[in-house]
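S.K.:
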Amino acid sequence: MDRRKWKRNITIMVLGAFNAESLSTATPPYKWISDPWSIFVTFMFYGLMLLIIEDLVSRYSLNYRKLFLIGLIYGILEEGFLALTNELPAPPGFKPGFGRYYGLNVPWTIFISEFHAVYTVVLTFIIADLIIPREKPGPVLSKWQYVPVLTYLAILYLFVPNHVINMVSTRSNLAFLLFQPELFFSNFFLINSVRVYPSWESVAIQLVAILVLSVLVIRLPRLKLDSSEKEFVSRKSFVILVLVFELMFWIPYIAQFSGGPDLLAVIYYLLLPLVFWRLILSKIRRDSLFDLQKVAAISLTLLLFFGGFGVFIYLLQRDLLSTIIVIAALGIEVRLITRKYFQRIKRERKNNANQRLGGKYF
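Everything in the sequence shown is counted per this note's numbering, starting at 1 for the first residue and increasing by one.
(1) Taking the C-alpha atoms as reference points, what is the distance between Val140 and Tyr60?
(2) Our contact map puts Gly310 next to Ser24 with C-beta atoms below 8 Å; I'd like the distance itself, whole angstroms only.
(3) If contacts are defined as beta-carbon pairs under 8 Å, then Ile73 and Ile218 qualify, I think. What distance do you get, rounded to the angstrom?
(4) Shortest alpha-carbon distance to Met248 belongs to which of Phe111, Val334 and Arg339?
(5) Where do the N-terminal and C-terminal ends of the alpha helix (DSSP H) with Leu130 fall, by residue?
(6) Which of the three DSSP states is assigned to Leu223 in this structure?
(7) Rounded to the nearest angstrom, how far is the Cβ of Phe245 from that of Leu289, given a contact under 8 Å?
(8) Sort out for me which residues DSSP pairs Arg65 with in a bridge.
(9) Pick helix, strand or coil for Tyr30, following the three-state DSSP scheme.
(10) What's the call for Lys294, buried or exposed, on a 16-neighbour Cβ count within 10 Å?
(11) Looking at the unbroken alpha helix (DSSP H) that takes in Ala255, where does it start and where does it end?
(12) My guess is that Ile76 and Ser113 are in contact by the Cβ rule of under 8 Å, so how many angstroms apart are they, rounded?
(13) Do you know how far the Cα of Ser38 is from the Cα of Lys31?
(14) Taking 8 Å as the cut-off, decide whether the C-beta atoms of Pro96 and Ala265 are in contact.
(15) Considering Pro273, what are the terminal residues of the alpha helix (DSSP H) in which it resides?
(16) I'd like the list of long-range same chain contacts for Val160, defined as Cβ closer than 6 Å, with 5 residues on each side in sequence excluded.
(17) Quick one: what does DSSP say Leu104 is sitting in, helix, strand or coil?
(18) Between the C-alpha atoms of Leu56 and Val122, what's the straight-line distance to the nearest angstrom?
(19) Quick check on the DSSP output: the alpha helix (DSSP H) that includes Asn9 runs from which residue to which?
(20) Among Pro28, Ile12, Lys5 and Arg4, whose alpha-carbon lies nearest the alpha-carbon of Arg318?
(21) Between the C-alpha atoms of Ser58 and Lys136, what's the straight-line distance to the nearest angstrom?
(22) Do Ile10 and Leu336 count as a contact pair if the criterion is CB distance below 8 Å?
(23) Do you know how far the Cα of Leu51 is from the Cα of Arg8?
(24) Determine the DSSP secondary structure at Glu231, reduced to helix, strand or coil.
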């Protein structure tokens, strides 16, 4: 067994689940230990899906642009086919019926898919690439390892109704299954009596979106990042740009688009990542040295802003334990990132081997 490979795999699984769930306050961090549901359902779903993405990225040498598209697919799969928040009458943070067409909450679907693309997938892989770089491309999972992974995920998709978790207590389902199966089955049927089933139109729309995104991942050509106008772009420029994106991404959601038309919300969240992507790529093209320091600066900006948002919410909720755990986890991640990329830059300077990394990552 390649220990370094599996160390990286486990890092990706843990980072993706913890940052996306606990920093967003969706799952308080202590529940990863105290709640079997969080471990065997939430963590395993994040972990196994990200493990498949790592295999695809490593097997086909995908860059962050294609990784973002895969992240959008991930968001649709989780929220549209596991949690079903894309189909709920009132998704979190949006008014009931806001932007709802053919059984699909369109503004929420776009927002949450972009959330997962940025924070669950891209940020996870940036951090993993900084602290445990992939040594060489190639398959991560064999065809026989795919069998238990896909089987576990199929069970989650078919039998875990996360979308009614706030309506019926399901936290002890796995404990019931192991020790009191009769209670498990009675609770299971109770859950399914109130579960929300998506309309065929919403399923069709999301499957078409997944198909289009998949074609883009396969067919999208590599960018040419050469430019006739070269200049030094400071890390501060990238930090400011990412901060502006963070603010523009979260402020409309916090405001819940109060009083605004749903079409405006759709256009806003469709254009925002495109504009941000073009701006950051334009800076990379002009930059005479886009190195790991700048990649790390981007990841730290995303992580600290998002983590700070989570800490603020936990403080408002007076959840001191979660606040302490999240601050400690952020400290560990920041230390790992800064230590790794400073060591690498030091080695590169010592060996006179600095090089532009834009083509490799983007």
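C-beta atoms are modelled at their ideal positions from N, C-alpha and C, and glycine is treated no differently.
Computed from a prediction, not measured in an experiment: that's the story for all the values here.
M.R.: With the structure as the only source:
(1) 11 Å
(2) 6 Å
(3) Rounded, the Cβ-Cβ distance is 12 Å, inconsistent with contact.
(4) Phe111
(5) Leu123 to Ile131
(6) coil
(7) The pair is not a contact, with the Cβ atoms about 22 Å apart (cut-off 8 Å).
(8) In the DSSP output, where bridge partners are listed per residue, Arg65 has none listed.
(9) coil
(10) buried
(11) Arg235 to Ala255
(12) 6 Å
(13) 7 Å
(14) no
(15) Asp262 to Arg286
(16) Val41
(17) strand
(18) 14 Å
(19) Arg3 to Ser22
(20) Pro28
(21) 8 Å
(22) no
(23) 10 Å
(24) strand
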